[in-house]
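Protein chains in written order, with this note's numbering: chain R, 10 to 481; chain Y, 659 to 1120; chain X, 4 to 116. Idealized CB from N, CA, C, for every residue including glycine. Worksheet: the structure to be examined is printed underneath.
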Amino acid sequence: MPMVLLECDKDIPERQQHIYLKVDGEDSRDYLPVSNASTIPGTLSERGCAFCGAKLVIGGVLKDTIQMIHGPIGCAYDTWHTKRYPTDNGHFNMKYVWSTDMKESHIVFGGEKRLEKSINEAFDEMPDVKRMFVYTTCPTALIGDDIKAVAKKVMSERPEVDIFTCECPGFAGVSQSKGHHVLNIGWINEKVGSLEPEITSDYTMNFIGDFNIQGDTQLLQTYWDKLGIQVIAHFTGNGTYDALRGMHRAQLNVVNCARSSGYIANELKKRYGIPRLDIDSWGFSYMAEGIRKICAFFGIEDRGEALIADEYEKWKGKLDWYKERLQGTKMAIWTGGPRLWHWTKSVEDDLGIQVVAMSSKFGHQEDFEKVIARGQSGTYYIDDGNELEFFEIIEKVKPDVIFTGPRVGELVKKLHIPYVNGHGYHNGPYMGFEGFVNLARDTYNAVHNPLLKLAGTDIRGTAPAAFKEAAE
Amino acid sequence: MGCEITSRDRAGIINPMYDCQPAGAQYAGIGMKDCIPLVHGGQGCTMFVRLLFAQHFKENFDIASTSLHEESAVFGGHARMQDGVMALVRRYPHLRIIQIITTCSTEVIGDDVEGSINVCNKMIKEEFPDREVYVVPVHTPSFKSSQVGGYSECVLSTFKTIAKKKAEPSGKLNLFPGWVNPGDVTLLKRYAAAMDVDASIFMDTEDFDSPMLPDKSIHTHGRTTVEDIRASSGAFASLALARYEGASTGEFLRDEFEVPHHLVSTPYGIANTDAMLRKISEITGKPIPESLVKERGIALDALQDLAHMFFADKRVAIFGHPDLVIGLSEFCIEVELKPVLLLLGDDNTKYKRDPRILALKDKVNWDMEVVCNADLWELEKRLKDPDYKLDLILGHSKGRYVAIDHKIPMARVGFPTFDRAGLYRQPTMGYQGAMLLGEAIANAMFAHMEYTHDREWILNTW
Amino acid sequence: MSPEQVDQLFGYVQERCLWQFSSRSWDRQENIDGILATATDLLAGREPKRDTPMHKIFYADALLMVGDFKSRFPWIAEVAPEEADALMGSLKDRLVEHTITKSLNHELNHSLY
Chain R
10 MPMVLLECDK DIPERQQHIY LKVDGEDSRD YLPVSNASTI PGTLSERGCA
60 FCGAKLVIGG VLKDTIQMIH GPIGCAYDTW HTKRYPTDNG HFNMKYVWST
110 DMKESHIVFG GEKRLEKSIN EAFDEMPDVK RMFVYTTCPT ALIGDDIKAV
160 AKKVMSERPE VDIFTCECPG FAGVSQSKGH HVLNIGWINE KVGSLEPEIT
210 SDYTMNFIGD FNIQGDTQLL QTYWDKLGIQ VIAHFTGNGT YDALRGMHRA
260 QLNVVNCARS SGYIANELKK RYGIPRLDID SWGFSYMAEG IRKICAFFGI
310 EDRGEALIAD EYEKWKGKLD WYKERLQGTK MAIWTGGPRL WHWTKSVEDD
360 LGIQVVAMSS KFGHQEDFEK VIARGQSGTY YIDDGNELEF FEIIEKVKPD
410 VIFTGPRVGE LVKKLHIPYV NGHGYHNGPY MGFEGFVNLA RDTYNAVHNP
460 LLKLAGTDIR GTAPAAFKEA AE
Chain Y
659 MGCEITSRDR AGIINPMYDC QPAGAQYAGI GMKDCIPLVH GGQGCTMFVR
709 LLFAQHFKEN FDIASTSLHE ESAVFGGHAR MQDGVMALVR RYPHLRIIQI
759 ITTCSTEVIG DDVEGSINVC NKMIKEEFPD REVYVVPVHT PSFKSSQVGG
809 YSECVLSTFK TIAKKKAEPS GKLNLFPGWV NPGDVTLLKR YAAAMDVDAS
859 IFMDTEDFDS PMLPDKSIHT HGRTTVEDIR ASSGAFASLA LARYEGASTG
909 EFLRDEFEVP HHLVSTPYGI ANTDAMLRKI SEITGKPIPE SLVKERGIAL
959 DALQDLAHMF FADKRVAIFG HPDLVIGLSE FCIEVELKPV LLLLGDDNTK
1009 YKRDPRILAL KDKVNWDMEV VCNADLWELE KRLKDPDYKL DLILGHSKGR
1059 YVAIDHKIPM ARVGFPTFDR AGLYRQPTMG YQGAMLLGEA IANAMFAHME
1109 YTHDREWILN TW
Chain X
4 MSPEQVDQLF GYVQERCLWQ FSSRSWDRQE NIDGILATAT DLLAGREPKR
54 DTPMHKIFYA DALLMVGDFK SRFPWIAEVA PEEADALMGS LKDRLVEHTI
104 TKSLNHELNH SLY
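Next up, the structure:
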């Protein structure tokens, strides 16, 4: 089966290279969607920008760091109250956002003084906070403000503070993915190795590519505590600035989200010889496998087996209850990228769910190699899907539930299809054993929502849905 | 004692109250039927604003992006603008309006929007000779004004593009409510009908609260049509309810087509609503009907139960859009609440000279601060002083943690109110809106009394 | 060793593993070489190397994979130690072809991460 040109795309035929329908006997040597490529203007794509990939996804997770956004107010306003990543210190990261509030005169005459003043003010207003990320945005990048020089000056005047600069204007790259890259590479170049961590265990690792969505990091941390493994740095869930400076001392890098954070794991391997272990933290068998691999690396297999046995004892029965009831449920996954390949097989194996369509906002071809290898035949694999394509795909595959963001969720609600928040979750965490039971529960409750069944009924008695219900 | 008007004295902002201009322009844009705004800038400028609207309304709205990338930053984004317009026109056959909303990046690059629109118009005419699609230039650099000005700018630009000639007398009243909720639009329509006035509401956002239907059809869009805007130049008058969010279009219709233009205080609270209805009566010669006298009485009756018993002397901070904050402060004074801190959030220098603010200055006999160009840190910073006492916060959901962390009851009002259910459906304007807001304030205070065991027993017998 | 047996092992790796899909071709090659060498040792009953960090990571990945091979494909118990080399060699060829030489991934050979 060649790549698919949807009816809605007849006027933008280049979209055919981005949509693949897998059939038996094919693999990614034959077809691989073009991805990480420029979006066609005006298509109502779901993509964000490089700035948000850096600030909102990675940097803004840190629990002890001021996020100074050098630009007009919108970039700050828009990347605030749009994520669910709590911290164990009262959610400092979710409560505040900082902006230099650039105005026209700063565009004309330069904004460096404005930035310097804003940085100093922020430290003065919050005297307990000593760490900062500074981001460029579209206009400050275009006018060429030297944010590194400003940060250097402030650091020389305030020796107790440390500032990291991230040059990731929204127009850079084709999606948020560029911002992930800029932040990863900037951090390893400038900050890793600048502070020695305190080592408290014979077994040390970094946990990379997990952003504590609804407490994922904190749940997994209970596992590492039981195993006696010290996590030197969480990149960046519930993480701190200084912990990330000590990443070079870990014995192992465990990577969950390879898309947003694989770069730093690769660089840590190249520069410091720290091996990279990719795991899937969503799903029972995956989580158990990840724990087993980590423990095999450290030679503490017994501890791993004990933990897994405990967790299975606690949660497997609950998972199976849902599995029995979710058999054959058809799911679509329209998220960022990696969750496509993290989830397609885990929901199939652990919950009996069939994933019938997947769309990635910012995945690269590597992500499509992974998901096409893991996913089923008869399933659509879409890069940078847009609204009309979603409608057409829904008609073709008729999903029972869609894992996607709240806005698309509101859209598909009108089609009587429930959504589960595939980004921020409904009621997570979703990682780990307990987390996957949460995911199963939210999926079950979504699919069995009585209101959505009522929605199909026309009270005048003319709707086909009414007849269908009578026939059931 | 008295009212002091200041401005934020920090350069930077900690926790903004408003989004940038393009966000406001997008809100105005989605108020039109058969319309998809096209934001000329990075993708985040659209994606996050769509998310913001989805958070507030629990609905999806269609807004497109030109997906500006590096090569456009170097060579200009004209091709992407034109490609974007044509992709929309080709794939959405019903489309009649596309606002091209600029952002900071495309204004800095200096893309010629008007020139590109000429190219688009030719292409549309050639490819679709039977279709008429208005492509509207909306210049909203993010480094000027705020979402407030952006809203106003997009309404004005859309009218300038579509209302090109004087229409036949329509017998209609143009009503510009500003950036309000569907609940307010519904209320204004009800009031106009009660007064037997044929009003066109710009923008008509009533369907931003849209149903799940058996046939799965989607009706989440504005109701204002091309015809409505064309007809606006033949209206017998315009009435603007928000000085900073719609008045400029009324002025345009006056200057260009001699449509008499009127501006009233934003109708929050009883007296402001009285003034609006009197003005409508004065313009139209229609009497204010019995039903509105009754509704006014019900609101007064309800608020009277709350005012001197629960509200009197309670110190209130209010933040949000300027017309809302000023209107709410007038409402607060009516119900004996004491507004002590008003935060207005952008660098518009006109706020300090706003007649309503000057009137407050004359009126208050307690310490009151009006901070212009404010952020929410102005509020939080004051609360860090243990001697600073506040009993109530009125504002939108972006300020929720100030209330949560400082344990101050907060009634959500304005935009966005994503952390409370269904508020967009309720009016805040009019008598009914005043009553509902008063009751929401009371209930927030009551719940707070209960959770903090602060004389909660008073309510045993209320 | 039959082609079907290699198919089964290859199918397993593609479905369960991530290491063959690392970002760059040299990482893929390094992982495929290292993990399959360790797996060969494990299948042949030889003690695999675990002295360097890279040996340890190959061991961790290989151990789980070989464990799954044994539980999913009973025929593997019959594979003689000297056949393990050839079997893993065939698997390696298949993986290299799919994920490196015939991969359509345009980013595999960027010089930087």
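Closer than 7 Å at the beta carbon, the chain R residues around residue i
i          : result
Ser26(X)   : Gly271, Asn275, Glu375
Arg1173(Y) : For residue 1173(Y) there is no data in the structure shown, the boundaries of chain Y being 659 and 1120.
Counterpart residues of residue i in DSSP-defined beta bridges
i          : result
Pro136(R)  : Bridge partners of Pro136(R): none, in fact.
Arg973(Y)  : Lys996(Y)
Leu833(Y)  : Ile859(Y), Leu897(Y)
Gly1053(Y) : Arg1070(Y)
Ala242(R)  : Asn215(R)
Gln76(R)   : Phe142(R)
Arg285(R)  : Asn262(R)
Reference residue i, options the options, closest by Cα
i          : options                                      : result
Gln701(Y)  : Cys147(R), Tyr40(R), Asn102(R)               : Cys147(R)
Asp319(R)  : Phe442(R), Ala259(R), Asp289(R)              : Phe442(R)
Ser923(Y)  : Gly985(Y), Phe910(Y), Gly908(Y), Val806(Y)   : Gly985(Y)
Lys422(R)  : Lys716(Y), Asn673(Y), Thr664(Y)              : Lys716(Y)
Cys1127(Y) : Leu961(Y), Ala745(Y), Pro674(Y), Lys1056(Y)  : Any answer about residue 1127(Y) is impossible in this case: the structure gives chain Y only from 659 up to 1120.
Phe60(R)   : Tyr144(R), Glu35(R), Val70(R), Lys92(R)      : Tyr144(R)
Ala821(Y)  : Arg789(Y), Asp741(Y), Arg912(Y), Ala1105(Y)  : Arg912(Y)
Ser369(R)  : Arg38(R), Thr48(R), Ile67(R)                 : Thr48(R)
Asp96(X)   : Arg27(X), Ser25(X), Tyr62(X), Ala40(X)       : Ala40(X)
Asp667(Y)  : Thr88(R), Lys104(R), Glu130(R), Leu71(R)     : Glu130(R)
Leu424(R)  : Gly384(R), Lys235(R), Ile402(R)              : Ile402(R)
Ser114(X)  : Met4(X), Ser26(X), Gly14(X), Glu18(X)        : Ser26(X)
Ser810(Y)  : Thr1086(Y), Asn1031(Y), Gln684(Y), Val707(Y) : Gln684(Y)
Thr413(R)  : Val66(R), Lys407(R), Ile172(R), Gly433(R)    : Gly433(R)
Val406(R)  : Asp73(R), Asp289(R), Val364(R)               : Val364(R)
Glu864(Y)  : Val843(Y), Trp1115(Y), Asp959(Y), Gly829(Y)  : Val843(Y)
Phe968(Y)  : Leu833(Y), Lys952(Y), Asp1112(Y)             : Asp1112(Y)
Endpoints, alpha helix (DSSP H) assigned at residue i
i         : result
Cys703(Y) : 702-715
His58(X)  : 56-75
Ile759(Y) : Here Ile759(Y) belongs to no alpha helix (DSSP H); instead the beta strand (DSSP E) covers 755-760.
Val191(R) : 185-199
Arg38(R)  : Neither: Arg38(R) is in no alpha helix (DSSP H) and is coded neither H nor E.
Asn776(Y) : 771-785
Within chain Y, partners of residue i - CB distance below 7 Å
i         : result
Glu310(R) : The contacting residues do not exist; Glu310(R) stays about 45 Å from chain Y at best.
Contact set between residue i and chain R, taken where Cβ atoms lie within less than 8 Å
i         : result
Thr724(Y) : Pro50, Gly51
Asp720(Y) : Leu53, Glu396
Tyr62(X)  : Ala305, Phe306
His113(X) : Chain R residues near His113(X): none, gap ~11 Å exceeds 8 Å.
Neighbour list for residue i in chain X, Cβ cutoff strictly below 9 Å
i         : result
Glu298(R) : Arg19, Leu67, Asp71
Endpoints, beta strand (DSSP E) assigned at residue i
i          : result
Phe719(Y)  : Premise fails: Phe719(Y) is in no beta strand (DSSP E) and is neither H nor E.
Glu81(X)   : Where Glu81(X) is concerned, there is no enclosing beta strand (DSSP E), given that its DSSP letter is neither H nor E.
Leu921(Y)  : 919-921
Ile1116(Y) : Segment: none, Ile1116(Y) is in no beta strand (DSSP E) and carries neither H nor E.
Leu696(Y)  : 696-698
Closer than 9 Å at the beta carbon, the chain Y residues around residue i
i         : result
Thr109(R) : Ala669, Gly670, Ile671
Cys17(R)  : Arg749
8 Å Cβ cut-off: residues of chain X touching residue i
i         : result
Lys122(R) : The contacting residues do not exist; Lys122(R) stays about 35 Å from chain X at best.
Pro523(R) : Nothing about residue 523(R) can be reported from this structure: the residues present for chain R run from 10 to 481 only.
Contacts that residue i makes with chain X (C-beta to C-beta distance below 7 Å)
i       : result
Gln4(R) : With chain R represented from 10 up to 481, any question about residue 4(R) goes unanswered, as that position is not in the structure.
4 or more residues per run - each alpha helix (DSSP H) lying fully within the segment 340-421 of chain R: 347-360, 374-383, 396-406
4-residue-minimum alpha helix (DSSP H) runs that sit fully inside the segment 1008-1033 of chain Y, ordered along the chain: 1013-1021
Going along the chain, which unbroken runs of the beta strand (DSSP E) with 3 or more residues stay wholly within the segment 46-120 of chain R? 74-79
Of all the alpha helix (DSSP H) runs that stay within the bounds of the segment 788-839 of chain Y, which reach a length of 4 or more residues? 805-820
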